[in-house]
Amino acid sequence: KQEVTQIPAALSVPEGENLVLNCSFTDSAIYNLQWFRQDPGKGLTSLLLIQSSQREQTSGRLNASLDKSSGRSTLYIAASQPGDSATYLCAVNPSGTYKYIFGTGTRLKVLA
Amino acid sequence: DARVTQTPRHKVTEMGQEVTMRCQPILGHNTVFWYRQTMMQGLELLAYFRNRAPLDDSGMPKDRFSAEMPDATLATLKIQPSEPRDSAVYFCASGRITGGGFEQYFGPGTRLTVT
Numbered sequence: 001k002q003e004v005t006q007i008p009a010a011l012s013v014p015e016g017e018n019l020v021l022n023c024s025f026t027d028s029a030i031y032n033l034q035w036f037r038q039d040p041g042k043g044l045t046s047l048l049l050i051q052s053s054q055r056e057q058t059s060g061r062l063n064a065s066l067d068k069s070s071g072r073s074t075l076y077i078a079a080s081q082p083g084d085s086a087t088y089l090c091a092v093n094p095s096g097t098y099k100y101i102f103g104t105g106t107r108l109k110v111l112a
Numbered sequence: 001d002a003r004v005t006q007t008p009r010h011k012v013t014e015m016g017q018e019v020t021m022r023c024q025p026i027l028g029h030n031t032v033f034w035y036r037q038t039m040m041q042g043l044e045l046l047a048y049f050r051n052r053a054p055l056d057d058s059g060m061p062k063d064r065f066s067a068e069m070p071d072a073t074l075a076t077l078k079i080q081p082s083e084p085r086d087s088a089v090y091f092c093a094s095g096r097i098t099g100g101g102f103e104q105y106f107g108p109g110t111r112l113t114v115t
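Protein sequences appear in the order of chains A and B.
Using the numbering used here, you'd call the opening residue of the first sequence number 1 and step up by one each time.
Using the numbering used here, you'd call the opening residue of the second sequence number 1 and step up by one each time.
Spelled out as structure tokens, the structure:
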């Protein structure tokens with residue numbers, strides 16, 4: 001059974017710092033991995049999608065990497081800003097299915 | 001700007017009442033998901049449909065929950081009878097497979113409170 005873990009559960013950093021959020025999954029048989037952002041009381045916003053054949057994806061100050069064999073993905077945020085404060089979730093799409101399994105998220109606070 | 005819409009956004013009801021939540025997926029998306037989010041359990045997949053056919057509803061309490069897709073533009077999640085432990089935020093998401101992979105897009109959610 002696929003399980004997704006995100007560490008740390010919460011993180012506080014000063015503005016301007018570069019940071020890394022971690023996501024690990026137990027079964028390497030995945031089709032996609034998707035990173036989301038959730039603001040308090042809101043829905044999930046897709047940030048980056050990585051297909052299993054890819055190693056990384058970039059969007060602006062965000063870079064997501066995928067190491068399928070070791071069951072890990074990281075989300076790198078460069079030059080963090082207070083507006084980046086949110087909960088970040090990763091989700092894996094197991095091969096042969098259309099569903100996603102979510103991690104419990106990392107709650108990020110960027111201090112001005 | 002295509003997006004998933006959900007109604008109602010908030011619902012307060014008494015235990016034992018029927019609750020129906022509705023979702024309009026993004027036009028052209030053929031896969032629709034229902035999730036429930038609570039502080040304790042996080043985000044749980046309840047059920048999902050592909051081309052309107054239910055593919056997996058193993059995450060859903062069968063005795064009181066039901067999910068349907070009467071047409072390609074409407075998905076419903078019904079709870080009957082509702083219980084206080086059903087209080088949560090219910091999200092609908094839709095997606096389709098493209099050359100870039102399979103990406104999900106979430107609606108804003110329905111916040112359900114059962115008293």
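By construction, the Cβ of each residue, glycine as well, lies at the ideal position given by its N, Cα and C atoms.
All figures in this text were calculated on a predicted structure; none of them were measured in a lab.
Inter-residue CB distance, residue i and residue j (contact presumed, cutoff 8 angstroms)
i               : j                : result
Gln6 (chain A)  : Cys23 (chain A)  : 5 angstroms
Ser94 (chain B) : Pro8 (chain B)   : That belief does not hold up - the Cβ atoms of Ser94 (chain B) and Pro8 (chain B) are roughly 19 angstroms apart, past 8 angstroms.
Thr38 (chain B) : Ala88 (chain B)  : 5 angstroms
Gly83 (chain A) : Pro108 (chain B) : The pair is not a contact, with the Cβ atoms about 19 angstroms apart (cut-off 8 angstroms).
Leu46 (chain B) : Ala67 (chain B)  : 7 angstroms
According to DSSP, residues forming a beta bridge with residue i
i                : result
Thr97 (chain A)  : Thr97 (chain A) pairs with nothing; no bridge assigned.
Lys109 (chain A) : A:Ser12
Leu19 (chain A)  : A:Ile77
Glu18 (chain B)  : Partner(s): none; Glu18 (chain B) has no beta bridge.
Lys11 (chain B)  : B:Leu112
Lys78 (chain B)  : B:Thr20 and B:Ser66
Ala88 (chain B)  : B:Leu112
Ile7 (chain A)   : A:Asn22
Ser94 (chain B)  : B:Val32 and B:Tyr105
Pro54 (chain B)  : B:Phe49
Thr5 (chain B)   : B:Gln24
Thr38 (chain B)  : B:Gly42
When the options are compared against residue i, the one with the closest alpha-carbon
i                : options                                : result
Thr5 (chain B)   : B:Trp34, B:Val114 and B:Ile97          : B:Trp34
Ile79 (chain B)  : B:Ile97, B:Ala72, B:Val114 and B:Val19 : B:Val19
Gly42 (chain B)  : A:Tyr98, A:Lys68, A:Cys90 and A:Pro94  : A:Cys90
Arg52 (chain B)  : B:His29, B:Asp86, B:Phe65 and B:Pro61  : B:His29
Gln49 (chain A)  : A:Thr104, A:Tyr100 and A:Ala79         : According to the sequence as given, residue 49 (chain A) is Leu; it is not Gln. Of A:Thr104, A:Tyr100 and A:Ala79, the residue nearest in Cα terms is A:Tyr100.
Gly105 (chain A) : A:Leu66, A:Lys1 and A:Pro40            : A:Pro40
Leu108 (chain A) : A:Asn18, A:Val4 and A:Gly71            : A:Asn18
Thr26 (chain A)  : A:Gly16, A:Tyr88 and A:Lys1            : A:Lys1
Ser95 (chain A)  : B:Phe102, B:Glu68 and B:Cys92          : B:Phe102
Phe49 (chain B)  : B:Arg36, B:Ala72, B:Phe65 and B:Pro61  : B:Ala72
Met40 (chain B)  : B:Arg64, B:Arg85 and B:Tyr105          : B:Arg85
Gln81 (chain A)  : A:Leu111, A:Thr58 and A:Thr97          : A:Leu111
Arg37 (chain A)  : A:Thr97, A:Val92, A:Asn93 and A:Tyr88  : A:Tyr88
Pro61 (chain B)  : B:Tyr105, B:Arg96, B:Glu14 and B:Glu83 : B:Glu83
Phe65 (chain B)  : B:Lys11, B:Ala75 and B:Pro81           : B:Pro81
Residue-level contact to chain A via CB, residue i, 8 angstroms cutoff
i                : result
Glu14 (chain B)  : no
Glu103 (chain B) : yes
Leu43 (chain B)  : yes
Asp57 (chain B)  : no
Thr31 (chain B)  : yes
Gly107 (chain B) : yes
Tyr48 (chain B)  : yes
Phe65 (chain B)  : no
Cβ of residue i within 8 angstroms of any chain B Cβ
i               : result
Asn18 (chain A) : no
Leu44 (chain A) : yes
Phe25 (chain A) : no
Lys68 (chain A) : no
Asn22 (chain A) : no
Go through the segment 22–102 of chain A residue by residue and report every complete run of the beta strand (DSSP E) that reaches 3 residues or more, in order.
Entirely contained in the segment 22–102 of chain A, the beta strand (DSSP E) runs reaching 3 residues are, in chain order, 30–38, 44–51, 56–59, 62–67, 72–77 and 86–94.
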